[in-house]
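Participant: Input: one structure, supplied below.
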Amino acid sequence: MLVYRGWFHRLRRFPGPVLARFSKLYAVAVSARRVQWHRELEGMHKVYGDVVRTGPRELSVAHAEAVAPLAACRKSTLYALSDWNDDRLGLIETRSLADHRQRRKPWETALSTKALAQYDPDMQSTIGIFLDAIARAGEGGAKAVNVTDWIAYLAYDLMGVVGFGRDFGQLRGGGVEHWAVRALRAQQLFIGVLKPIPWALNALSKIPGADGPVRPFVRYCAGLVAEKRKALAASNPAAASQPPTDICTHLLRAYEARSPHAPRTQAALDEDGRTIVVAGSDTTSNTLINALYYLSRHPHHQRALQASLAALFPAGPASFTYARLAAGLAAGAVPLLDAIINETMRLKPATPGGNPRVTPPEGLRIVLDDDEPLVGGGGREANVLVIPGNTDVYIAPYVLQRSPRYFARPNDFVPERWIDDGQGGQPELVRDGKKIRADGASLRAFFPFQVGMYACAGKALAMWEMRSVLARVALRFDVGWEDGGEGDEEGRAFDEGMRDTFTMTLGPMWLRFKERGRWWGAEEGESMG
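277 is the number of the first residue of the sequence shown in the numbering used here; add one for each residue after it.
Rendered as C-alpha cells:
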C-alpha cells in the first residue's frame, strides 16, 4: 500500500511533502504542533506552487479558477462527523446534493430579509445589553476588558435569541460563561487537531468518554430543540398562525408538517439545532473580534468610520436603527463599514483552512485563464488543471485571499480596496481581473460565505449582526489598546496566536472601550444604548 501511494497513485505527479503521500497522520502531526494548519498550507504553497498533495488522495489548490468548479462538487466525509447516514445529519453535514437542496428551503425562509426584520428588535436589545455590560466592566474606559470573551458572550446570546427565542444569559449575568460555550470551545480544538482524519472523529464519537466535550454539547443542543418543541406544543393555538420569531420554530413547523423540506428524522433535527448554535455564533464572533483588532491597530480607520456614522446618526448612539443604517449603506453614506468587514473576512476568514470537496469519479477539468497559468507541477494539460476522480480537494481561504496574484499588499489591512474610486477608495488593490461590486460578491478569490449551492444561508443574518455591532460600538466608544498605543506587541501576539480548529479559535485580546458620551452631549452616567 505504501509503495502504491508513494509511486503509483493517481496523484503521484502532484508535488508536496514526501510524507504526506503515505498517510494523513502527517497532517495530524504537523497541525498538532501549533494547531495552525492554515499557515502550514500557506508555507507549502510557497514551496510547491498552486496545487499541493497534502495526503494520499488529497490536494490543496490555491487558484481562483478552481473555486466555482469545486464548490459544485460533493462534500467529503469530513462532514459526516456524527453519523454516516444522511437521514440523521443536519443541513451542513449532509453530503447528498438532492437532500441539501431540499433541506435549504426552510432555512432560507428563516433567514430571509423579512424574517430578520422580525428578529431585529430582540437583536438590537441584546446588543444594547452588551454595550452597557462592557461599559460597566471597563469602568467607562478606565480599564481594559477581554474582547475575545465579551464578543463570544454577545454572539452566543444573539444566537440564542435568533435561533431559539432565548439567550444564554451570559451578558445579563455580567459576563459569566455558559458551560455549553466552554464545551463548544473545547470541542472545536478537539475537532481541529483530528480534522485531517475524520474517520477517527466519527469513531471516537461512538465511544463514551472518548469524545471529550463533544457528547455533552450535542446533548445540550438536542435539549434546546426539545425545549422549543415543548414550548410550541403548549402555546396558544392562535400562535401557530403568527410568523415565527426564531429559526428553530421555522424548522420545527416544517418538521411537524412533514414537509419534504424538513429534516427526515429527530436526529437530523437535533443536528440542525447544533448547526444553529455553532454556525450562528462562532464564525460571526471571530469576525467581530478581528474587526475590533484591526480598528484598534488602525485608529485612523476607526475615526473615519465614526465620522461617517455621526453624519448618519447626528442624535447619537441612542438614535441607531438598522433600517436607517441599511438606507445609509444603500446610499453610499457609510462605505467604510462594509469595507472593514470585507477586509477583516479577507485577512481572517472564519474557516481559514477551508473544507474539502470530492471530485466526481470521472475527475474534474478546470480551464484556466491564459494570463493566470498554473504555478508549480501537477496535473496540467496546456491551460487546464486536471484533478483525478474521487480526490478530496481543499481551497484554503486564508491562502487564496492573501495571494499577491489577486490582491496587492495582500497581508495589509486596507479596507479602501473595497471602496469605489469616487468615494476615496483604492479598487486597484484588487487584482482579480474581473468586474466587482463594492461588496466583493463577484470576486473569484474572495468567498467568505462560500459560493454555489453550499453558500452560507445565514449570510444576511451575519452581515446584519456584524454591521449593527460594529456601528453601535463605533458610535458609543473609542476602542484602543490597554497601553494607549497601537498595540504592536499585544497585537502581534494576538495575531500569531490564531488557531485553525475547523473554524477559528482566538486568544485573549485586552482593549479599552472609552465612552464618547460627552462628545455626544449626554449626561454622565446616562445609558447611550
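Cβ atoms here follow ideal geometry from the backbone N, Cα and C, with glycine treated the same way.
Within the chosen definition, does the segment 399 to 413 reach the segment 521 to 528 through at least 3 CB pairs nearer than 8 Å?
Facilitator: Fewer than three pairs of CB atoms, one per stretch, sit closer than 8 Å, so the segment 399 to 413 makes no contact with the segment 521 to 528.
Participant: Taking 7 Å as the cut-off, is the CB of Ala510 close to at least one heavy atom of the ligand FAD?
Facilitator: Inclusion of the ligand FAD in the displayed structure is not the case, the ligand content being empty and no account of it being possible.
Participant: If you follow the beta strand (DSSP E) that Phe290 is part of, which residue opens it and which one closes it?
Facilitator: Where Phe290 is concerned, there is no enclosing beta strand (DSSP E), given that its DSSP letter is neither H nor E.
Participant: Let's test the definition: count the other Cβ atoms within 10 Å of the Cβ of Asp548 and tell me whether it reaches 16, buried, or not, exposed.
Facilitator: buried
Participant: Spell out the partners DSSP gives Lys351 in its beta bridges.
Facilitator: Bridge partners of Lys351 according to DSSP: Arg633.
Participant: State the DSSP-derived secondary structure class of Lys711, mapped to helix, strand or coil.
Facilitator: Any reading at Lys711 must be qualified, since the residue scores a pLDDT of 49, below 50, and its modelled position is unreliable; the value itself is stated next. DSSP places Lys711 in coil when its eight states are reduced to three.
Participant: Can you tell me whether Lys482 is helix, strand or coil according to DSSP?
Facilitator: coil
Participant: Look at the alpha carbon of Gly228 and the alpha carbon of Gly282, and state the distance between them as a whole number of angstroms.
Facilitator: Since the displayed the chain opens at 277 and closes at 805, residue 228 lies outside it and no answer follows.
Participant: Find the nearest neighbour of Leu661 within the set Ala672, Leu676 and Asp645, judged by alpha-carbon distance.
Facilitator: When only C-alpha atoms are compared, the closest one is Asp645.
Participant: Nearest-angstrom Cα distance between Ala347 and Gly592?
Facilitator: Each residue's alpha carbon lies about 44 Å from the other.
Participant: Tell me the residue span of the alpha helix (DSSP H) that contains Glu771.
Facilitator: Sequence inspection shows Asp at residue 771; the Glu mentioned does not correspond to that position. First-last of the alpha helix (DSSP H) with Asp771: Asp764 to Glu772.
Participant: Give a yes or no on whether the C-beta atoms belonging to Ala476 and Leu470 are separated by under 8 Å.
Facilitator: yes
Participant: Return the CA-CA distance between Phe444 and Val452, expressed in angstroms with no decimal places.
Facilitator: One C-alpha to the other measures close to 10 Å.
Participant: Compare the Cα-Cα distances from Leu407 to each of Lys390, Tyr429 and Thr389 and report the closest residue.
Facilitator: Tyr429
Participant: Jot down the residue ranges of each uninterrupted alpha helix (DSSP H) in the segment 485 to 545, minimum 4 residues, whole runs only, in chain order.
Facilitator: 490 to 510 and 523 to 532
Participant: Is it buried or exposed for Ile671, if we count other Cβ within 10 angstroms and need 16 for buried?
Facilitator: So Ile671 counts as buried.
Participant: Counting C-beta neighbours from all protein chains within 10 Å, is the total for Thr559 16 or more, i.e. buried, or is it exposed?
Facilitator: Buried.
Participant: Could you tell me the boundaries of the beta strand (DSSP E) in which Phe753 lies?
Facilitator: Phe753 to Trp757
Participant: For Gly319, which residues of its own chain have a beta-carbon under 6 Å away from its beta-carbon, when the five flanking residues on both sides are left out?
Facilitator: none
Participant: Within the continuous alpha helix (DSSP H) that includes Leu588, where are the two ends?
Facilitator: Pro575 to Leu588 is the extent of the alpha helix (DSSP H) around Leu588.
Participant: List the DSSP bridge partners of Ile642.
Facilitator: Answer by DSSP bridge pairing, in chain order: Leu661.
Participant: Which of the three DSSP states, helix, strand or coil, is assigned to Met742?
Facilitator: helix
Participant: Per DSSP, what kind of secondary structure is Met277 in: helix, strand or coil?
Facilitator: Three-state DSSP puts Met277 in coil, outside helix and strand.
Participant: Helix, strand or coil: how does DSSP classify Met780 here?
Facilitator: strand
Participant: Mark Gln518 as exposed unless 16 or more other C-beta atoms lie within 10 angstroms of its C-beta, in which case mark it buried.
Facilitator: exposed
Participant: Given this structure, state the Cα-to-Cα distance separating Leu650 from Glu341, to the nearest angstrom.
Facilitator: 10 Å
Participant: Take Glu791 as the anchor and find which of Ala413, Gly556 and Ala736 has the nearest alpha-carbon.
Facilitator: Taking only the C-alpha atoms, the option nearest Glu791 is Ala413.
Participant: Could you have a look at Val457 and say whether DSSP puts it in helix, strand or coil?
Facilitator: helix
Participant: Is the segment 600 to 616 touching the segment 624 to 634, taking contact as three or more C-beta pairs under 8 Å?
Facilitator: The answer is no - the segment 624 to 634 does not touch the segment 600 to 616, with fewer than three Cβ pairs under 8 Å.
Participant: Which two residues bound the contiguous beta strand (DSSP E) that contains Arg693?
Facilitator: Counted as a single uninterrupted DSSP element, the stretch harbouring Arg693 is not any beta strand (DSSP E), since DSSP gives it neither H nor E.
Participant: If you follow the alpha helix (DSSP H) that Leu605 is part of, which residue opens it and which one closes it?
Facilitator: Tyr598 to Ala606
Participant: Give the range of the beta strand (DSSP E) segment to which Leu787 is assigned.
Facilitator: It spans Trp786 to Glu791 - the beta strand (DSSP E) in which Leu787 sits, taken as one unbroken run.
Participant: Taking Arg331 as part of the beta strand (DSSP E), name the residues at either end of that continuous run.
Facilitator: The residue asked about is misnamed: residue 331 is Gly in this sequence, not Arg. Element bounds for Gly331: Val327 to Gly331.
Participant: Go through its chain and collect everything with a Cβ distance to Glu802's Cβ below 6 Å, but skip five positions before and after it.
Facilitator: Note on Glu802: pLDDT 41, under 50, position unreliable in the model; no value is reported.
Participant: Name the DSSP bridge partner or partners of Ser336?
Facilitator: For Ser336, the pairing in a beta bridge is given by DSSP as Val328 and Tyr670.
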